[in-house]
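Report on the following structure.
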Amino acid sequence: MVEFRKASEKDLQSLVELNTRLKRLNEEFDPLLRVRTDIAEKSMEYFSEALRSPNSLVVVAEDAGKVVGFIKADIRERIFYEPRMEGNIVEFYLLPEYRRKGVGATLLDYTIKLLKEKAEIITAEFPTLNEIAVEFYTKLGFRGITSVYARESP
Amino acid sequence: MNSVVEELDRSSKAAVKAAPYYGGKLEIVPKIPVRSLDDFAVWYTPGVAAVCKAITENRDLSFEYTWRWNTIAVVTNGTRVLGLGNIGPEAAMPVMEGKSLIFKFLGGVDAFPLCLNVKEPDKFVEVVKALEPGLGGVNLEDISSPECFYILDRLRKEMSIPVWHDDQLGTAAATLAGLFNALKLTGRKLDRSRIVLLGAGAANIATARLLEKAGADMSRMILVDTRGILHAEREDMDELMLKNPWKYELGLKTNREKRRGDVTEALREADVLIAASRPGPGVLKKEWIRSMAENPVVFLLANPVPEMWPWEAKEAGAAVVATGRSDFPNQVNNSLVFPAVFRGVLDVRARTITDTMVLQAAWALANYVSEEKLTPDHIIPTMQDWEVYVHVAAAVAEKASEEGVARNPMTYEEELVNARNVIERSRKILISLMDLKLIKPFPQVD
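Sequence lines, in order, name chains P and D. If you're matching positions, the first sequence starts at 0 in numbering that gives the first Met the number 0 and goes up one per residue. If you're matching positions, the second sequence starts at 0 in numbering that gives the first Met the number 0 and goes up one per residue.
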């Protein structure tokens, strides 16, 4: 049975490993997202900071004591637009065995409920070329709102 | 082993000499009489227009009125030819000719080679689909993986004639045939056996998929590739999800206990090893076979030299050993399968080849070896037994008819007689041409 809860310090190592897998997956989708060699170190800093910050939320999916997925989101103020408070999901990963079983949707749901305590609009950020993410969010009623385009050479 | 190297050398020398001597292996020969040029009025204009008209009213008549019923294309783009790799369509032609020859000689099937200059999978699929109106079936050959899985899956779905990729389905069926008998001999049940597949290319991925259909316990199956044991948490699983979803799926379905490591870990207590990896010897060690369960079944299918010598496996305690070579007992050879399967599906004008039909071919091949003849050194029929092809054809034809995919359903007995006639005739023609010296005798090779 997969269970969901907020992450804590004991989850840091798992978060680092899963985040590394996530970024490697992103690299598979897009060569412009080539992973840095110091990713483990950077992930550790990143998640330590996120766990400390009142404006970040890290949620994990756990199966029999093992962390099998996570979402990291930030709560921020949109300075020009209403509604002002935005819950921005910026990292989302599930181990392969747990995909296509509804676990992702449940994890998202759990996270959104927590975000709604402080935010009114929920956004999700992911590589544009990640068609699996596009389909996942579209099915759950999301649509595109802003776009980031990139060019490798100047 | 020196004689193996010598034999390879001899065959290669003969092939290179014979190729320009004969200028290829096949030619088109009419099968209708031409008594005088007047007959052209029947075979060609104006008589032929009436035949065309009839087919316009009923397209399926093309199976009755033209050579389509017995004709298949052996199609490749030359992206993975034998052990030579991506050598391209021109260089792949001699293999396609050879395959067509075997189709005709063993199965009576009019197969012709088609070497395409198309690598991109979707384009390849479109080109092959466009060939449907003139063919009874398609055999895909020597196409690189994982593209070949995509191409076969799409063509099977989108065409109304049988499509077969021999590197996948022929190998899988021949392997399963040998395995069914090997399990019988060693008192094992398929759904209780721990199976290890060494190598995760076209052959073993197809074998794994067919084993699943046959009822194998996938959770206890282990696949080993060049990176080691495949498991759901391996670091490259996400890469596989995008680049090779067929292997990815197997990574999720197999190895529930998530054993990690290399082939030595996988073989501990395993009942069956099916190695279809790279040529040996020395790819497998005797101690590894010794660590398997008692009386293990070991298939060493790499060509031209198996992963280890069969006697080494026997010395290490293997109860049943098979290879892909004709100079050892138990040759697991696709040629036992594809000519027979096509003979059967073409005779019933099948719309497709289902997985159950492939399994039926494997069963027919296994059951052809009678109880009295079944020994550890005889788990699969040999190619010399002409009746094998006829029986497998009949089994597949019957299954196709049962499943409702046959335009022209037949019973087992009907197809047995029919297949025998077609195959015998095709052999008679070749022998007559040789007797009449219309085919030059084999050249001298020093």
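Backbone N, C-alpha and C fix where the C-beta goes; we use that ideal spot for every residue, glycine too. Quick caveat, the model's predicted, so the values are computed rather than measured.
Of all residues in the segment 293 to 309 of chain D, none places a beta-carbon less than 7 Å from a beta-carbon of chain P. Closest by C-alpha distance to P/Lys71, out of P/Glu26, P/Glu40, P/Leu21, is P/Leu21.
For P/Arg23, the neighbours in chain D by C-beta distance under 7 Å run, in chain order, Asp237. Of all residues in the segment 14 to 41 of chain P, those with a C-beta nearer than 7 Å to a C-beta of chain D are Arg20, Arg23, Leu24, Glu27, reading in chain order. Counting along the chain, the unbroken alpha helix (DSSP H) around D/His390 starts and ends at 385 to 401. Residue pairing by DSSP places D/Pro112 opposite D/Val73 in a beta bridge.
The beta carbon of D/Leu251 falls within 7 Å of a beta carbon belonging to chain P, placing the residue at that interface. Secondary structure of D/Asn138 (DSSP, three-state): strand. Chain-ordered listing is empty here: chain D has no CB closer than 7 Å to the CB of P/Glu48, the nearest sitting near 25 Å. Residues are counted here when their Cβ sits less than 7 Å from a Cβ of chain D; for the segment 92 to 109 of chain P these are Leu94, Pro95, Glu96, given in chain order.
The CB of D/Leu241 comes closer than 7 Å to the CB of Glu27 in chain P, given here in chain order. D/Ala265 has a beta carbon lying at 7 Å or more from every beta carbon in chain P.
Assignment of D/Gln167 by DSSP, reduced to helix, strand and coil, places it in the helix class. Here the alpha carbon of D/Val340 sits roughly 12 Å from the alpha carbon of D/Glu414. Bounds of the alpha helix (DSSP H) holding D/Leu151 are 146 to 157.
Inter-segment contact for the segment 366 to 383 of chain D and the segment 426 to 433 of chain D is absent: fewer than three beta-carbon pairs are separated by less than 8 Å. If you compare the alpha carbons of D/Val395, D/Leu335, D/Phe337, D/Glu311 with that of D/Arg348, the shortest gap goes to D/Val395. One finds Leu94 in chain P with Cβ atoms closer than 7 Å to the Cβ of D/Glu232, taken in chain order.
Within its own chain, the residues whose Cβ lies closer than 8 Å to the Cβ of P/Leu93, once the five positions on either side in sequence are excluded, are Ala60, Val67, Gly68, Val102, Gly103, Leu106, listed in chain order. Under the DSSP assignment, P/Glu85 falls in the beta strand (DSSP E) whose first and last residues are 84 to 93.
Contact check for D/Val444 against D/Lys24 fails: the beta carbons are separated by 7 Å or more. Assignment of D/Glu125 by DSSP, reduced to helix, strand and coil, places it in the helix class. Beyond the five residues adjoining it in sequence on each side, D/Ser276 comes within less than 7 Å, by CB distance, of Leu197, Gly198, Val282, Ala301, Glu306 in the same chain, given in chain order. Secondary structure of D/Ser425 (DSSP, three-state): helix. Beta-bridge annotation (DSSP): D/Thr374 is paired with D/His377. As the crow flies, the alpha-carbon of D/Thr263 is around 21 Å from that of D/Arg191. Around the C-beta of D/Ala317, 16 or more other C-beta atoms lie within 10 Å, and the residue is accordingly described as buried. Between the alpha carbons of D/Ile204 and D/Gly323 lies a distance of about 17 Å.
Looking only at D/Arg226, D/Leu151, D/Phe104, the smallest Cα-Cα distance to D/Ala201 is reached by D/Leu151. Across the set D/Gly186, D/Thr253, D/Asp326, the C-alpha of D/Asp326 shows the shortest separation from the C-alpha of D/Glu6.
Under the three-pair Cβ rule at 8 Å, the segment 153 to 162 of chain D counts as touching the segment 351 to 362 of chain D. The C-alpha of P/Glu90 is placed about 12 Å away from the C-alpha of P/Ser42. Note: D/Ala265 is not bridge-paired with any residue in the DSSP secondary-structure output. The beta-bridge partner set that DSSP reports for D/Thr322 consists of D/Leu299, D/Gln330. When the alpha-carbon of D/Tyr367 is set against those of D/Ser2, D/His390, D/Gly133, the nearest one is in D/His390.
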